[in-house]
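*Asks:* Structure in structure tokens, see below.
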Ligand SMILES: [Zn+2]
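In my numbering, the protein residues as written are 455 to 760.
Dropping the structure here:
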């Protein structure tokens, strides 16, 4: 008996649903034909439903860490590039930019998250690391040696970086992009080193966020290469590295969203030393990054770049 009533209800709902659908479809058709009589409808961008949300993370912390050379600090330069990217992209309603921090503080939503969700972030990190070890031990995942030497994250930095991954997955972020400037070991830190050029890092091919990260990274790389030299020359993305252990890219499978880490240049490079050429270089890095992202996201409104 109960089953019968249930089936009748399902049937009634289907009928009512179908009526609504046909009425709505007919109104929608009338609406679109009314619009098309008076104007030309532009092609719809792929992310019409919501803006493409980009979380830009200027590398390191507000007042510690990162490369430095003379009076230049990586942790400040990356904020300048993040701001330049935001200024350009914020003009387009198809994009929403969140910058993780400025030169003084983390953006309030992340600062509160690090503080209030500290234990949850540490649990998240530990659970993922344990699961990753099990995958490696059972042969489901291969250990890939790092392409570069990474500094070890202390607990505070680990909370921030794993916290960013957790927050990005919970908050509808479409792309996480980490900005850095490089440095190299040398005898006299007051003299420039011998390395130069940009490098980029993406998650390794075993990660869930690998495929999209690679496509975006190649789009950005192609643009950057128009104005800057990659560290390792070549046309086949020689300076784009897959990396398994960078937390920023989702180490231990802690990030499902695409992620790219850019080392724009070595901090002692000549273009960054004088303030005028530095401002131009940072602006150009931002512009080319924007075009790369837009090429991926498929904006119908390409921007002017010089
Ligand atoms: Zn860095």
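Beta carbons: idealized from backbone N, C-alpha and C, even for Gly.
Does DSSP put residue 562 in a helix, a strand or coil?
*Replies:* Residue 562: helix per DSSP, three-state reduction.
*Asks:* Excluding the five sequence neighbours on either side, which residues of its own chain have a C-beta within less than 6 Å of the C-beta of residue 778, listed in chain order?
*Replies:* Here the chain comprises residues numbered 455 to 760, so residue 778 is not present and cannot be evaluated.
*Asks:* With the cut-off set at 8 Å, would you say residue 511 and residue 632 are in Cβ contact?
*Replies:* In this structure, residue 632 lies closer than 8 Å to residue 511 by Cβ.
*Asks:* Measuring only the C-alpha atoms, how far is residue 553 from residue 561?
*Replies:* C-alpha separation (whole angstroms): 7 Å.
*Asks:* Along the beta strand (DSSP E) that carries residue 507, what are the first and last residues, could you check?
*Replies:* That run of the beta strand (DSSP E) goes 506 to 512.
*Asks:* Which whole-angstrom value describes the C-beta separation of residue 665 and residue 714, a residue pair presumed to lie in contact below a C-beta threshold of 8 Å?
*Replies:* That belief does not hold up - the Cβ atoms of residue 665 and residue 714 are roughly 13 Å apart, past 8 Å.
*Asks:* With distance defined between alpha-carbon atoms, name the residue in 697, 570, 717 nearest to residue 649.
*Replies:* Selected option, being the one with the closest Cα: 717.
*Asks:* Sorted by chain position, which residues of the same chain lie with C-beta nearer than 6 Å to residue 732's C-beta, five sequence neighbours on each side aside?
*Replies:* These residues qualify, in order along the chain: 726.
*Asks:* Can you give me the Cβ contacts of residue 642 inside the same chain, cut-off strictly under 7 Å, excluding the 5 residues immediately before and after it?
*Replies:* Nothing meets the Cβ criterion.
*Asks:* For residue 652, which residues does DSSP report across the bridge?
*Replies:* In DSSP, residue 652 forms a bridge with 684.
*Asks:* Kindly indicate which three-state DSSP category residue 661 falls into: helix, strand or coil?
*Replies:* Coil at residue 661, not helix or strand.
*Asks:* Could you check if residue 661 is buried or exposed, using at least 16 other CB atoms within 10 Å of its CB as the buried criterion?
*Replies:* Counting Cβ neighbours within 10 Å, residue 661 comes out buried, since at least 16 surround it.
*Asks:* Between the alpha carbons of residue 669 and residue 548, how many angstroms are there, rounded?
*Replies:* Cα-Cα distance, rounded: 20 Å.
*Asks:* To which residues of the same chain is residue 568 closer than 8 Å at the C-beta, ignoring the five residues directly before and after it?
*Replies:* Correct list, in chain order: 560, 575, 613, 614, 617.
*Asks:* Which residue comes first and which comes last in the alpha helix (DSSP H) that contains residue 736?
*Replies:* Where residue 736 is concerned, the enclosing alpha helix (DSSP H) stretches over 729 to 751.
*Asks:* For residue 582, which of 720, 708, 730, 747 has the nearest alpha-carbon?
*Replies:* Here the closest residue by C-alpha is 708.
*Asks:* Classify residue 724 as buried or exposed, calling it buried when 16 or more other Cβ atoms lie within 10 Å of its own Cβ.
*Replies:* When all chains shown are included, residue 724 counts as exposed.
*Asks:* Measuring alpha carbon to alpha carbon, tell me which of 677, 702, 537 ends up nearest residue 764.
*Replies:* A query on residue 764 cannot be resolved here, the shown segment of the chain reaching from 455 to 760 and no further.
*Asks:* Please classify residue 624 as buried or exposed, where buried requires at least 16 other C-beta atoms within 10 Å of its C-beta.
*Replies:* Its Cβ having fewer than 16 others within 10 Å, residue 624 is exposed.
*Asks:* How many whole angstroms separate the CB atoms of residue 654 and residue 693, which I take to be in contact at a CB cut-off of 8 Å?
*Replies:* About 6 Å separates the two Cβ atoms, so the contact holds.
*Asks:* Should residue 820 and residue 736 be called a contact, given that it needs their Cβ atoms to be closer than 8 Å?
*Replies:* Limits of the chain in this structure are 455 at one end and 760 at the other, which puts residue 820 out of reach.
*Asks:* So, is residue 619 buried or exposed, given that buried needs 16 or more other C-beta atoms within 10 angstroms?
*Replies:* Burial call: buried.
*Asks:* Identify whether residue 479 lies in helix, strand or coil by the three-state DSSP scheme.
*Replies:* Because residue 479 sits at a pLDDT of 39, beneath the cut-off of 50, its placement in the model cannot be relied upon, and the point is left open.
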